[in-house]
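Chains as they are written, first to last, in this note's numbering: chain A, 12 to 399; chain B, 564 to 814; chain C, 1362 to 1673.
Every residue, glycine too, gets a C-beta built ideally from N, C-alpha and C.
A quick note: this is a predicted structure, and the numbers were derived from the prediction, not measured.
Following: one structure in structure tokens, then a few remarks.
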Ligand SMILES: Nc1ncnc2c1ncn2[C@@H]1O[C@H](COP(=O)(O)OP(=O)(O)O)[C@@H](O)[C@H]1O
Ligand SMILES: [Mg+2]
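Given below as structure tokens:
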């Protein structure tokens, strides 16, 4: 009886979420309609954004989720409610775009508005809270990510969103989109791989030679402090000089402006987390263990290979997670110096005040960083378990 | 602090001040980078006023983030806010996967060009490290110390202001420092959305193919960031030394 | 005087302190002893209401602690824990001044009190007042912890394993110092420990706890000679019993008339020390001297051994 009452009492976070949902439904437009892609738009409330059956359906469902958030504490139920809510509004916004756009009008644009974003935020908060409380195993988290990715892919492939402004922006530049996507990934992953190739040996060296360690870390620390665009700028001059005076460099595609300074800057930024975490990973072995290993007559090299390195991977991977998330975000800035990547759309969008174009660059970037963080966190947890 | 390191810092500071107040003195160094008689030194505005605008927006945004993030960090570590703790930690984790540029770019269509989107981006993104470090700092306070404080009859408010916050201070300061450094960088990019700041120099150089501009903009921003980072780091080490914690070897 | 009446503490289904009643007299040291998890700390923390009792009440000098706002109650009760919980961001003087400052004493009064306490604990104010806790040795930290607890002249001092972190030599000295200071100030001390030796060395009375229950509350001698339960007997240690008993008694209580050869023992030495001297010197008896050094009789192996037997 008492447990029933406590499970039905008002949940404070849930109440906040319920209020958000209420504000989204009754006080904010669900979508924005614009006559063309750059003029100011007019908001459409949910009731006008969908045929009556649709808007009533979404409203009832959202209210049910709100009630569930406020009253039910069981995380699984809350997760289910949040998922149902998300599964309703994402197709609904695409449906709304088709419903509002006058037939045959190719200029009109429909984008999600505050109401949609608030609903998405509320449901996502509810899901995030439930997932946090569920403490899923690494594999379960990966599975959840895969399901979410699958659902988004389904929406995209099925054409349910084709009438949305975002997808119209995409349709107009599908080729460029994938080219910039490749460039973005190349910048982020390529520089990370290079940083691992250089940083791991450097970390091991730093571990073995303490004097060197401090020097290396201090220099890298200063590099890390320099803002990205400033570092790009500083690299442009020497690379330009190199391109002009060393034919081989020019032949390799190194130029002052473009991907080269961006790649090098990302590489330099990546070094600190890789080196620092390698050193920390190697140093974390308890002194008593090292002492015992020495007592058994293991040489420094044997200690490294048999004791220190096997224990280091989780910490080194943590460094790689930092690098990857950081690079995927920083690669956006590369577009400013002609380095390509998703930033191209972001900065073009800013220039044209076309929010959908901005989103075309920003959403994949955020999605990639988010996925990378989840995947690497799961891998880190798995390696931790492997070596307790 | 050793004499050589003090000398280095002093020299860097003097160089920076000299450059932003009298950049023409350095024209000789940038001349070789120009082509077709383009100006060697940024000539579309005063470097000093750009630097001041840059610092102003970073300072204001960091101040705002610090106030809100500290408040939130304190709230979720009190008994009345504990319910929000797990979620707020996940949100910080998720929030940090958002690149600052994306926040900046999304703010533009919502509030227009200029200082506003930059301020919003700096403010929102600056919250994360400060909030995270406030949480870490407050939760790291040893339960023993808190038990002793309670046992001596300190009320929750006294415990917070006399024990928890002073002990969490070094970690909170580290968060603020991180936030300031990120903000310095994001504010540079803010020039693409017409916020007044040092990014203008770099952008102007990129637009007019003037490598000299790009380089001097980059150097000024870099030097500024390194010096501020260093100064805040020194303040932090002071505070932690008093607490008897080994000051970090680096960072 | 502290009166604990039918005090219980429950966490959900588990009972951690089960209907404990005790009376601690003014100016005495009561030691609560028992194995880890017995509920000692919980019992102690219910006295200053760091833990709210589920049932029962605590009276201090006849006043129900529930009637006093909890912060005020704690200002009046000193509290020392294992590890001391010194504030790392405050120096020794500031640490000691904590409660006086909370009580709004004026600056001069606080400074005088800090100096007085540092002297009392044999810490030179000039050297130690401005040091931070991390600059102190374990023994010094411990003394600062106790000084801090005594700063506002509390009538009651609660101590939870206050010597647990010290090495044996320093611990023994700290225990002696505590007794000396307690006798001088007349503070009522309640001390929790799992160490039987400590209980016998310090306690005017000892409360033995096990599995949330109070098994016996008695003087050390009673505990030795009339253990209430097999568990108490086992805890006290059967092999150690006679020696414990002897170390509770002073030479004064075993003086026989007559002369003896050798270096005299003092009336204030324990019988255990006297026996040890007798065995070591190979004598049957030693002379006894009083505080002024005058011989007042002798003490013999036979006489001492008689005191080490369980009571008839
Ligand atoms: N806040 C609490 N919630 C649940 N159980 C507790 C709590 N505090 C203490 N206990 C339990 O009460 C028992 C007694 O604890 P304690 O009084 O600290 O024992 P002692 O000090 O004798 O070692 C232990 O088993 C402990 O796990
Ligand atoms: Mg205990």
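Taken in chain order, the whole alpha helix (DSSP H) runs of length 4 or more contained in the stretch 676–758 of chain B are 678–703, 706–714, 728–752. When the Cα atoms are used, residue 1419 of chain C and residue 1381 of chain C turn out to be separated by approximately 11 angstroms.
A straight-line Cα-Cα distance of about 17 angstroms links residue 349 of chain A and residue 373 of chain A. Rounded to whole angstroms, residue 617 of chain B and residue 336 of chain A show a C-alpha spacing of 26 angstroms. Contact check between the stretch 226–245 of chain A and the stretch 742–760 of chain B: three or more CB pairs, one atom from each, fall below 8 angstroms, which counts as touching. When the beta-carbon positions are compared, residue 96 of chain A and residue 42 of chain A stay at least 9 angstroms from each other.
For residue 380 of chain A, the chain B residues whose C-beta falls within less than 8 angstroms of its own C-beta are 660, 661, 662, listed in chain order.
Secondary structure at residue 1385 of chain C: strand, using DSSP grouped into helix, strand and coil. Interface with chain B (9 angstroms Cβ-Cβ cutoff): residue 1425 of chain C is excluded. A distance criterion of 8 angstroms places the beta-carbon of residue 1521 of chain C in contact range of ligand 1, judged by its closest non-hydrogen atom.
Nearest Cα to residue 1657 of chain C within the set C:1619, C:1504, C:1448: C:1619. Judged by DSSP secondary structure, residue 312 of chain A falls within the alpha helix (DSSP H) whose first and last residues are 311–314. Short note on residue 1553 of chain C: C-beta closer than 8 angstroms to some heavy atom of ligand 2.
For residue 1647 of chain C, the three-state secondary structure derived from DSSP is strand. Neighbours of residue 751 of chain B in chain A, taken as residues whose beta carbon is under 7 angstroms from its own, are 238, 240, 241 in chain order. Following the DSSP letters along the chain, one finds residue 1514 of chain C in no beta strand (DSSP E), marked with neither H nor E. Within the chosen limit of 8 angstroms, ligand 1 reaches the beta carbon of residue 1398 of chain C through at least one heavy atom. In summary, residue 263 of chain A is exposed, with fewer than 16 beta-carbon neighbours lying within 10 Å of its beta-carbon over all protein chains present.
Cα atoms of residue 279 of chain A and residue 1510 of chain C: separation of roughly 54 angstroms, rounded to the nearest angstrom.
Among the CB atoms of chain C, one or more fall inside 9 angstroms of the CB of residue 729 of chain B. Apart from sequence neighbours up to five positions away, the residues of its chain that approach residue 389 of chain A with a beta-carbon distance below 6 angstroms are 149, 152, 153, ordered along the chain. A straight line joining the alpha-carbon of residue 1459 of chain C with that of residue 637 of chain B spans about 23 angstroms.
Just so you know, the alpha carbons of residue 1615 of chain C and residue 1631 of chain C end up roughly 10 angstroms apart. The straight-line gap separating the alpha-carbon atoms of residue 314 of chain A and residue 655 of chain B is approximately 38 angstroms. Taking the C-beta atoms as reference points, residue 1495 of chain C is found nearer than 9 angstroms to residue 806 of chain B.
The Cβ of residue 624 of chain B sits no closer than 9 angstroms to any Cβ of chain C.
Residue state for residue 806 of chain B is assigned as coil, using DSSP reduced to three classes.
In this structure, DSSP gives residue 1554 of chain C an extended state, which the three-state scheme calls strand.
Neighbourhood of residue 653 of chain B in chain A, by CB distance below 7 angstroms: 139, 143, in chain order. Within chain B, the residues 716 have their CB atoms less than 9 angstroms from the CB of residue 1433 of chain C, given in chain order. Within the stretch 631–675 of chain B, complete alpha helix (DSSP H) segments of at least 4 residues are found at 648–658, 663–674, given in chain order. Taking the Cα positions, residue 1406 of chain C is about 11 angstroms away from residue 713 of chain B. Taken in chain order, the members of the stretch 701–713 of chain B whose beta-carbon sits within less than 7 angstroms of a beta-carbon on chain C are 707, 708, 710, 711, 713. Among the residues of the stretch 289–318 of chain A, none has a Cβ less than 9 angstroms away from any Cβ of chain B. In this model, residue 1396 of chain C and residue 1576 of chain C are separated by some 12 angstroms (Cα to Cα).
Residues of the stretch 1446–1470 of chain C with a C-beta less than 7 angstroms from any C-beta of chain B: 1446, 1448, 1449, 1450, 1459, 1460, 1463, listed in chain order.
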